[in-house]
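Student: Pasting a structure here, questions to come.
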Amino acid sequence: MADTQGAQARAASSRATARTPKKPKPLVPAAANPVARIAVDIPLVHLDRPFDYLVPERLDGAARPGVRVRVRFAGQLTDGFILERAAGSGHQGKLAYLERVVSSEPVLTPEIAGLARAVADRYAGTLADVLRLAIPPRHAATENAPRTAPEREPGRPPRPGPGPWQRYPAGGAFLDAVGEGRPARAAWTAIPGAIWPEEIARAAVTCASAGRGAVIVVPDARDLARVDAALAAVAGSAHVTLTADLGPAERYRRWLAVLRGEVLIAAGTRAAMFAPVRDLGLVALWDDGDDLHAEPRAPYPNAREVLALRAHRASAAALIGGFARTAELAQLVAAGWARSLEPARATVRQAAPLVRPAAEDAELARDEGAVTARLPSLALRTTRAALARGPVLVQVPRRGYLAAIACARCRAQARCARCGGPLQLTGPHEVPDCRWCGALAGGWTCPHCGHGKLRAIVVGAARTAEELGRAFPGIKVRTSGGASVIPSVPDEPALVIATPGAEPVGQYAAALLLDGWALLGRPSLRAAEEALRRWLAAAALVPAGGTVLVHADSSLPAVQALIRWDPVNFSERELGDRAELGFPPAVRMAAVSGSPEAVASLLSNLSDGFEILGPVPVDEQVRALVRAPRPAGLELARALHAAQAARSARKEGGGVRVQLDPAEVI
DNA sequence: ACTCCATTAGAA
DNA sequence: TCTAATGGAGTA
10 MADTQGAQAR AASSRATART PKKPKPLVPA AANPVARIAV DIPLVHLDRP
60 FDYLVPERLD GAARPGVRVR VRFAGQLTDG FILERAAGSG HQGKLAYLER
110 VVSSEPVLTP EIAGLARAVA DRYAGTLADV LRLAIPPRHA ATENAPRTAP
160 EREPGRPPRP GPGPWQRYPA GGAFLDAVGE GRPARAAWTA IPGAIWPEEI
210 ARAAVTCASA GRGAVIVVPD ARDLARVDAA LAAVAGSAHV TLTADLGPAE
260 RYRRWLAVLR GEVLIAAGTR AAMFAPVRDL GLVALWDDGD DLHAEPRAPY
310 PNAREVLALR AHRASAAALI GGFARTAELA QLVAAGWARS LEPARATVRQ
360 AAPLVRPAAE DAELARDEGA VTARLPSLAL RTTRAALARG PVLVQVPRRG
410 YLAAIACARC RAQARCARCG GPLQLTGPHE VPDCRWCGAL AGGWTCPHCG
460 HGKLRAIVVG AARTAEELGR AFPGIKVRTS GGASVIPSVP DEPALVIATP
510 GAEPVGQYAA ALLLDGWALL GRPSLRAAEE ALRRWLAAAA LVPAGGTVLV
560 HADSSLPAVQ ALIRWDPVNF SERELGDRAE LGFPPAVRMA AVSGSPEAVA
610 SLLSNLSDGF EILGPVPVDE QVRALVRAPR PAGLELARAL HAAQAARSAR
660 KEGGGVRVQL DPAEVI
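Note that this note's numbering gives residue 72 to position 63 of the first sequence, counting from 1, and the numbers run on in steps of one.
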C-alpha cells in the first residue's frame, strides 16, 4: 500500500518535471564585492585555505564577513564562515554561488579569525579545527530571542582602586597601564595567601572602566565561581562566566552577550580563551601550569600560549601567573615579552607561613605502611597543636585507599595478571583491582616468590583519612577530591584531607603535604615544577603564623623553593635546566604519534633541518619527537603542516597525531 | 570525504 | 565501438 503510493508519487513528480523541465534560475552576482572568501569546515589538512564563492544578489545584504554560511564543496553541502567580501578572485576556474546564509549574526569577528589562523599556524593545525574550538554551536532560538539588553552599550564601571595590588611594587603601575590602555604584560607571582580572584577582578574592571574588554581564564569551575563572586563584589559590573557544563542554550546566550558587546568582561575555563570580547584590553590567566589549560582536542592549544598570542596581536595587556611560576612564563620574562610582577621579599616573609621539611628519610616513608608511622612525631605534634586553633589541611597526592600495593615479602609491585597494570585496593576489605583494565585480582599470589600477602606502597587519601581519624579521635575528618570536591571549610578545628587541586578554600592553622616523594618521583620532565606548584597552592591557604610541613627530602631544589617561598628563582633555574637538556620551553618540540608506518611516512615527508628523536614504542603505537630551536618554531609547525598535507592529499591512511609543546615529553 | 573525469579493460 | 570499472586529481 505504502509502496504503491510511493510509486504513484514518484510517477507524478517525474511527469511534472517532464512537463516543466527544471531550468536552474540564472543567479546574478551581487553588484559590489560579489566574491565571498569562505573558511569552509573541512577536516582535510591539504585543503586548509579559504575558498572563493559568488554572492548571489538576493544574499548580498546578509552575506557579511563573519556570518555562518552553507556552501557546496566537492558536491556536498558544507558549513563555513565568510572571512571577507572582495571585488574579485584569484581563482582561475568557475566560482560557485553561496547556497545559504545561515544567520545574519557575524559570529566570527576579525580578531578571532586572525587569532584562529595564528593558533593553527603555531600548532601545525587547521583553521577549521581551531574555529570549532573558538565558536560554540549555534542555538537558533537563543539567537532569535529578544536581547536582554537591546542595543545597549555596557555602562562603564567606575575605575576601582588598586586594593591588594598596592602590596606589589609594580602593582599600581600595572593597573595604571591597564587603565590607560597600554599593553603591559605581567608574569605574575601572587603573594602567599593572596585573595587572587579579587586581584584579577580589579584588573579586569579597571580594563572595563576604560571601555575595553577583558578575558579571564581559570583552570576549573570552582576557581571560576570565586572569580565570578569577586567581579560582582568589585563592580557589580556587567560580566559573564562561560563553562562547558552550561548546556547549549545558556552557553550560546552568554557567548552572544559577549559577542554583541553587551558585557565587557568574559571569565571562564579554557574555551573562554577565544571569547570574542569587544576591543580587547586585557587577558588574565590564573595558574598557567595547570594541565587543565591544555586543550585535549586538535590542534591541542594551551590557554597560556593562546592568550599570550592574543594579547600580542591585539596590543592588549596580559596578566598571567599563579602562586607558582612555570618555566614557560620564566621564558617569556627572559625573552623580554613579559615583566615580572611579584611581591618584595619582605612582603613574602611577612605573608608566608612557616614551611618545614618533615621527612629526612624518603626511603622510610615509602617502607612504612601507616600514615601515623610515616609521619615523624613533629608532624603529629604540629597537627595536634594546630587543631586547637583551626582546621588542618592534609594534601595527599593520590586518591583512593591504597593506590599501589606490593608483595609483602619480596616487595615487587603487585600487577594485573591480564594486562600488567598496577593493582590497587579501594577499601579496607576489598579485593584488589587493576587501575588500567579494572579486572579483579582475588586470591592474588606474587608471581616472583609465591607469597600471598600484600603491603602498601602508595597510600591514598581515603586510607589517610581513616588513619588520621583514628589518630585524632573526636576531630571531624572531611575529604575532598575526585568526584566530591568541597568548595570551602569553616574556620573551626577539622582535618581536611584533599588531593592536589581539590583543597577546600579556608584559613588553615597548618598544612601537611604528605608523600612528596610520590609527586617528585613521577617520570616526568615537569615533576619538580608540578610538585612545587601543588605545594604552593596548598600552602597559600595557610596564613602567616601557621605551619606547613612538607613530607619530602629538604635537599631537593623544589623543596628548598617551597621552604624559602621562592617560585621565581626556582622557575629560572628550571628554565636553565631545560635549556641544558634541550627541552621545552628552551626549544620548540613536537610529538608525532601513530602507527609505525604512518609516523615513518610523516617523518619522510618532513623537510630536512629538524632533529628527530625516535620513534620509540608508546602504548601499542610509536612516537617520535621533532626538535627545533625556538626561533624556528613557526617553521617547524609549517613543515609539519606541509608533511600532513602531503599525506592527506595522497590519501595515506593511518591517523598521525601531531602535537606541539606536548605536556609530557618523557 | 566526495565527485568528476579520464583512462582502460571487457564484451558485442 | 560502446559500456562499465578503476584510479587519480581536485574540491571555488
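Cβ atoms here follow ideal geometry from the backbone N, Cα and C, with glycine treated the same way.
1. Put A672 into one of helix, strand or coil per three-state DSSP.
2. Which parts of the stretch 466–526 are runs of the beta strand (DSSP E), unbroken and 3 residues or longer, counting only runs that do not cross its ends?
3. DSSP beta-bridge partners for I225?
4. I need the boundaries of the beta strand (DSSP E) containing E93, first residue and last residue.
5. How is G603 classed by DSSP in three states: helix, strand or coil?
6. Would you please state the rounded distance, in angstroms, between the beta carbons of V401 and A480? I believe it to be under 8 Å.
7. What does a CB cutoff of less than 6 Å around R365 pick up in its chain, not counting 5 residues either side in sequence?
8. What is the DSSP secondary structure of R597, counted as helix, strand or coil?
9. Only counting the same chain, and skipping five residues up and downstream in sequence, which positions put a Cβ closer than 6 Å to that of R211?
10. Residues in the same chain with beta-carbon distance under 6 Å from A595, minus the five sequence neighbours each way, listed in chain order, please.
11. Which ranges does the alpha helix (DSSP H) cover as unbroken runs of at least 4 residues, wholly within the stretch 604–652, from first to last along the chain?
12. Consult DSSP for L590 and reduce its assignment to one of helix, strand or coil.
13. For a quick check, are the C-beta atoms of V116 and L363 less than 9 Å apart?
14. Classify N311: buried if its beta carbon has 16 or more other beta carbons within 10 angstroms, exposed otherwise.
15. Give every residue of the same chain whose Cβ lies closer than 7 Å to the Cβ of P431, excluding the five residues on either side of it in the sequence, and list them in chain order.
16. Would you mind stating whether S98 and P192 have Cβ atoms separated by less than 9 Å?
17. Nearest by alpha-carbon distance to A293: which of E314, V139 and A41 is it?
18. Does the distance from the CB of I200 to the CB of L328 come in under 9 Å?
19. Per the DSSP calculation, Y682 is bridged to which residue(s)?
20. Buried or exposed for V627, going by 16 or more other Cβ atoms inside 10 Å?
21. If we count Cβ pairs, one from each stretch, closer than 8 Å, do we get three or more for the stretch 48–59 versus the stretch 125–136?
22. Please return the same chain residues whose Cβ sits closer than 8 Å to the Cβ of L550, not counting the five positions on each side in sequence.
23. For G330, which beta-bridge partners are listed by DSSP?
24. Let's see if you can read the secondary structure: which residues bound the beta strand (DSSP E) around R77?
25. Beta-carbon separation of A395 and G555 under 9 Å?
26. Counting C-beta neighbours from all protein chains within 10 Å, is the total for G429 16 or more, i.e. buried, or is it exposed?
27. Could you give the distance in angstroms between the alpha-carbon of V187 and the alpha-carbon of R531?
28. Thinking G642 and R573 are a contact (beta carbons under 8 Å), I'd like their distance in whole angstroms, please.
Tutor: The relevant details are as follows:
1. The residue you call residue 672 lines up with position 663 of the first sequence. Correct three-state label for A672: coil.
2. 486–489, 504–507 and 519–522
3. Here residue 225 refers to the residue found at position 216 when the first sequence is read from its first residue. Per DSSP, A276 and A293.
4. Position 84 of the first sequence holds residue 93. From DSSP, the beta strand (DSSP E) with E93 extends over Q85 to A95.
5. Within the first sequence, numbered from 1, the residue matching residue 603 stands at position 594. Correct three-state label for G603: strand.
6. Taking the first sequence and counting its residues from 1, one reaches residue 401 at position 392. Taking the first sequence and counting its residues from 1, one reaches residue 480 at position 471. The Cβ separation is near 12 Å, so there is no contact.
7. As a position in the first sequence, residue 365 is number 356, starting the count at 1. The answer, listed in chain order, is L558.
8. If you number the first sequence from 1, residue 597 lands on position 588. Strand at R597.
9. Within the first sequence, residue 211 is the residue found at index 202, counting from 1. Excluding positions up to five away in sequence, the list reads P169, G172 and V243.
10. Within the first sequence, residue 595 is the residue found at index 586, counting from 1. Within the same chain, A595 has close Cβ partners R587 and A588.
11. 605–614
12. Reading the first sequence from its first residue, position 581 is the one you call residue 590. Note: L590 maps to helix in three-state DSSP.
13. Within the first sequence, the letter at position 107 stands for residue 116. Within the first sequence, the letter at position 354 stands for residue 363. Not in contact: V116 and L363 (Cβ atoms no closer than 9 Å).
14. As a working mapping, residue 311 is identified with position 302 in the first sequence. Buried: at least 16 other Cβ atoms inside 10 Å.
15. Along the first sequence, read from residue 1 onward, the residue named residue 431 stands at position 422. Only A413, Q422, R424 and R444 meet the Cβ criterion.
16. Taking the first sequence and counting its residues from 1, one reaches residue 98 at position 89. Taking the first sequence and counting its residues from 1, one reaches residue 192 at position 183. No; because the gap between Cβ atoms is not below 9 Å, this pair is not in contact.
17. Stepping through the first sequence from its first residue, residue 293 is reached at position 284. Nearest C-alpha to A293: E314.
18. Within the first sequence, the letter at position 191 stands for residue 200. Within the first sequence, the letter at position 319 stands for residue 328. Their beta carbons are not under 9 Å apart, which means I200 does not touch L328 by this criterion.
19. Given that the chain is displayed from residue 10 to residue 675, the structure contains no residue 682 and the question cannot be resolved.
20. Within the first sequence, the letter at position 618 stands for residue 627. The residue is exposed, with fewer than 16 neighbouring Cβ atoms inside 10 Å.
21. yes
22. Against the first sequence, residue 550 aligns to sequence position 541. Taken in chain order, the residues that qualify are G202, L402, E512, V514, G515, Q516, Y517 and A520.
23. Numbered from 1 along the first sequence, position 321 holds the residue referred to as residue 330. Beta-bridge pairing links G330 to W197 and W295.
24. Reading the first sequence from its first residue, position 68 is the one you call residue 77. Its beta strand (DSSP E) spans residues R77 to F82.
25. Residue mapping note: residue 395 aligns to position 386 of the first sequence, counting from 1. Residue mapping note: residue 555 aligns to position 546 of the first sequence, counting from 1. It is a contact, given that the beta carbons lie within the stated cut-off.
26. Locating residue 429 in the first sequence gives position 420, counting from the first residue. That one is exposed.
27. To locate residue 187, count along the first sequence from 1; it is residue 178. To locate residue 531, count along the first sequence from 1; it is residue 522. Going from the Cα of V187 to the Cα of R531 covers about 40 Å.
28. By one-based count along the first sequence, residue 642 stands at place 633. By one-based count along the first sequence, residue 573 stands at place 564. G642 to R573, Cβ: 34 Å. No contact.
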